[in-house]
Structure formats: C-alpha cells, structure tokens
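Take a look at the structure below.
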C-alpha cells in the first residue's frame, strides 16, 4: 500500500472466510485522525459490539466498512458476494414518501415479492403506520423502518450504528431476535452502541475504540479476555 | 440490462412521487415564472417600447426568465437525496450513481419543460407576442434546453448540497456553465421568432447538443463521487 492510498475491494479468495477484513485503516478529517490504524476482521456468525466514547470513531469506522466513506489509508476487504445492510444516524428513507412506498421501493430493487414485504412490515410492527409519510411518524418508527430497510434482502453483513437508541423494549427485543437469527444463518453484524444493557446479550465479541484506535478486542489472539471482562474494563475506564 | 432499466424506472417513479407529494419545485417554478414574466410585461409596457423592438428582445427576456426561475428552483433537485441520505441506502442496495442521476435528470427535465411551456404562454401574453406559428420549433428548443439544464443542475445541486455554502454555490457554479446554453437558446429562439424557423446550417443547435451531452457525460460518471462527498 502507498502511504496515502486506500482500497475498498471485494476479495477474490478469502482466507478464513471473513465477511469483512480491515488492515491498517486510517481516516482523517482535517488535522484530526478519526480512525487510527484499525485492523480487524469479522467472520460469519459473529456479532461484534463496537464500544467507545462519543467521538471515538465508531460511526466513521462503520461508514468505512459499509463503503460509504473512503479511508485515507489501508485496506477494507469484503467477501466477493458480501452485501452490506447499513442503518446509521440517517434513516436512508425519503421523508415525503410513505413508509410503505419507501420499503416497496427497496423490495422492488432487491427482487422481494409482496409476501416478503408483508413479513417485513409485521416483523417490525409497521402495518399500522405504513401509509403515513416518514416525516409524520415518530423517531422510533423511523428507526424501525430504517432497520427493516437495512435488513431487506438478507444482507450477509449488518452494520448498525446505535440501532436501539430510539427503540422501545418490544422493538429492541425484535432487534435482538433478528440479529441472533441472522448470525445463526451464517451472517455477521458489527454494531456500534452505548446501550450495553440491552444489546450485550447478542454479542459474541466486543471491540473497544479509543481516539480512533482499537484498544481492546475480546477475541484477540493470545488474549484470554472474555466479553464480560472487556466490558467491565470499558465501564471502569469511562466512569 | 433489463434489471438496470427496471431499477431506473423505479427511481423515476420515486422522483416523480416525491415531487408530486410536495409539489415544492413545481410551485416555486410556476410562481416565480408568473411573477417575473408579469413584472417584465409591466416594465416593457411602462417603458413604451415599440412592437418591433419588443419582438426583437422577446427571446432574450424569455431566456432570462427561464434560466432565473429554473436555477432558483433547482436547489431542491438533490435535497430529498441528501436530507435523509436516501442515496446511501440505494447505493448499498446495489443501485448505481448513474441510475440515481439519470432518474433525477429525466424528472427535472420534465419539470423544466413544463415550466418552459408555461413561460411561453405567460410571457407572450404579457408582451403581446404571438408564438403560435413557431410553437413546434419553440417546444423542440425547450425540450433540448430542459434536458441540458437538468443535466447540469442535478450535478451541481449534488456538489452544492454537500457543502455548507449550498445556497451560494449553486448559482455561482451553474450560471457561468449555462452561458453556452443561454446563447444558443436566445439565438435559436430569435431565429424562430424573427424568421419563422431555425436557420438551416445554424451552429446553435449543435452548441446546445454538445453542452447537453457534455453535462450528461460528466453527470453519469461523476454524480456518485459528488454526492458521496
């Protein structure tokens, strides 16, 4: 790699069958280094919780993984046929269109039939609000619709940024179930969150970011750390 | 290719649905056109300009109003895309930036063309000019201009939309680039109004065609880069 170049590429053959692999990824905004030499991979079946204080670089790292932001340096390699489902701070929905029109658009693009679309509506409790425009529904409903959109077509890799921040308990339970089922089917998820209390139960791995760099990884080779001990260290550090 | 075209059709439907739901661009275009044309009509009338001179300056006035109203309304061309970052969801679903761009250009061009038709009606009434004899040619010029203008405006609104200075950047970037279109438009409209047809061998249809093709080419290849920021 050149010193100031970055590559986001599908892998031709993948060692260890990781769905995404990052090597030495760096991202700067002006003079500040937001993501600092991050390397890690995510394999099928893994649910990675990405922890870190505000401004630690979680959202930028997720956007780099989803190929929505280009890294300044390093390699981001995704599986040859890996499709990414991303839900972040923006809903990626059109506020003037109804919830149904938005999700129908994605269903049509992804080749999902009407019964599949109906299942999505019922899974996320969107039947009653489907004809309302996105601008007219609550933030919680917008988040559910955004998650439904991200999960449409069963993408192999889920990249979720604070997915539970606007969700009530029932919707969070749906989210946990969906993530667990997704991982059981061989998919993977990378989730940035501050909501450990509600999402820790689905995690198979925890990665902690500080000032853009990975400072703890519960699956690091030679590290006997468990998810619980990494989370505990993170909590003490951020008190 | 069939899937590519069916996705493009879906995106065109989406663009049209967003516009029809709010009618913001249509309302802004039509209101500005009627008001500015009425003001120009009143100004020309109070300046006591004779009928021959009015007929000579009519094409220039039509084009000034057309470019003014379309650039005013065009700040909204990429707004829906950037507001909720809808384009990111589409890109992740496998839609290309080219498809997003073309769908926007086509719907925006239809809006601009509708505005051109209204503009001809209102301005010819306000300045007491008949355009019936050359309406076919004028509609053809309007169609070419609407497509050229839309190709540029959608691209520029993407650039401006990702900047904090979007309100300033859009006219600053687009107006100089629209100069060839303005010249071609005024010349072609003048030929129609004064001589009853586009002069055979006129270079201006070529100027309009080349600038439209250039804007389309840059937009098709660059829109995704532009909106990603």
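Chains as they are written, first to last, in the numbering used here: chain V, 1 to 239; chain G, 240 to 468. Ideal placement from N, C-alpha and C gives every residue a C-beta, glycine not left out. All of these numbers come straight from a predicted model, not from anything done at the bench.
Residue i versus residue j - alpha carbon distance
i                      : j                      : result
residue 41 of chain V  : residue 155 of chain V : 17 Å
residue 263 of chain G : residue 313 of chain G : 10 Å
residue 412 of chain G : residue 235 of chain V : 50 Å
residue 390 of chain G : residue 344 of chain G : 6 Å
residue 284 of chain G : residue 300 of chain G : 14 Å
residue 237 of chain V : residue 76 of chain V  : 29 Å
residue 52 of chain V  : residue 175 of chain V : 21 Å
residue 277 of chain G : residue 70 of chain V  : 50 Å
residue 153 of chain V : residue 113 of chain V : 10 Å
residue 382 of chain G : residue 419 of chain G : 16 Å
residue 430 of chain G : residue 438 of chain G : 6 Å
residue 250 of chain G : residue 466 of chain G : 16 Å
residue 255 of chain G : residue 101 of chain V : 12 Å
residue 387 of chain G : residue 454 of chain G : 7 Å
residue 289 of chain G : residue 464 of chain G : 51 Å
Interface flag, residue i vs chain V, CB-CB below 8 Å
i                      : result
residue 331 of chain G : yes
residue 257 of chain G : yes
residue 336 of chain G : no
residue 324 of chain G : yes
residue 319 of chain G : yes
residue 313 of chain G : no
residue 282 of chain G : no
residue 343 of chain G : no
residue 247 of chain G : no
residue 327 of chain G : yes
residue 294 of chain G : no
residue 253 of chain G : yes
residue 457 of chain G : no
residue 492 of chain G : Nothing about residue 492 of chain G can be reported from this structure: the residues present for chain G run from 240 to 468 only.
residue 262 of chain G : no
As assigned by DSSP and simplified to three states, the class of residue i
i                      : result
residue 204 of chain V : coil
residue 37 of chain V  : strand
residue 293 of chain G : helix
residue 77 of chain V  : strand
residue 367 of chain G : coil
residue 397 of chain G : helix
residue 149 of chain V : helix
residue 228 of chain V : helix
residue 58 of chain V  : helix
residue 21 of chain V  : strand
residue 187 of chain V : coil
residue 94 of chain V  : coil
residue 28 of chain V  : strand
residue 300 of chain G : helix
residue 254 of chain G : helix
residue 350 of chain G : helix
residue 136 of chain V : helix
residue 391 of chain G : helix
Chain G within 8 Å of residue i, Cβ atoms only
i                      : result
residue 234 of chain V : no
residue 13 of chain V  : Its pLDDT being 41, under 50, residue 13 of chain V is placed unreliably by the model, and the measurement read from it follows with that caveat. Residue 13 of chain V does not count as touching chain G.
residue 149 of chain V : yes
residue 78 of chain V  : no
residue 3 of chain V   : Any reading at residue 3 of chain V must be qualified, since the residue scores a pLDDT of 42, below 50, and its modelled position is unreliable; the value itself is stated next. Not an interface residue.
residue 58 of chain V  : no
residue 27 of chain V  : no
residue 91 of chain V  : yes
residue 84 of chain V  : yes
residue 165 of chain V : no
residue 190 of chain V : no
residue 71 of chain V  : no
residue 132 of chain V : no
Rounded Cβ spacing between residue i and residue j (contact assumed at less than 8 Å)
i                      : j                      : result
residue 95 of chain V  : residue 133 of chain V : 7 Å
residue 36 of chain V  : residue 233 of chain V : With 8 Å as the limit, residue 36 of chain V and residue 233 of chain V do not qualify as a contact, their Cβ atoms being about 20 Å apart.
residue 190 of chain V : residue 65 of chain V  : 6 Å
residue 146 of chain V : residue 93 of chain V  : 6 Å
residue 348 of chain G : residue 319 of chain G : That belief does not hold up - the Cβ atoms of residue 348 of chain G and residue 319 of chain G are roughly 17 Å apart, past 8 Å.
residue 393 of chain G : residue 458 of chain G : 6 Å
residue 398 of chain G : residue 422 of chain G : Not confirmed; about 23 Å, so no contact.
Residue range of the alpha helix (DSSP H) that includes residue i
i                      : result
residue 118 of chain V : 114 to 123
residue 179 of chain V : 169 to 184
residue 434 of chain G : 418 to 434
residue 106 of chain V : 99 to 110
residue 328 of chain G : 325 to 331
residue 321 of chain G : 318 to 322
residue 279 of chain G : 263 to 285
residue 216 of chain V : Where residue 216 of chain V is concerned, there is no enclosing alpha helix (DSSP H), although the beta strand (DSSP E) it sits in stretches over 213 to 217.
residue 466 of chain G : 443 to 467
residue 199 of chain V : 196 to 199
Check: residue i C-beta below 7 Å from any heavy atom of the ligand PLP
i                      : result
residue 367 of chain G : Absence of the ligand PLP from the depicted structure is noted, as is the absence of any ligand whatsoever, leaving it without description.
Bounding residues of the beta strand (DSSP E) (the contiguous stretch that carries residue i)
i                     : result
residue 85 of chain V : 84 to 87
residue 50 of chain V : 47 to 51
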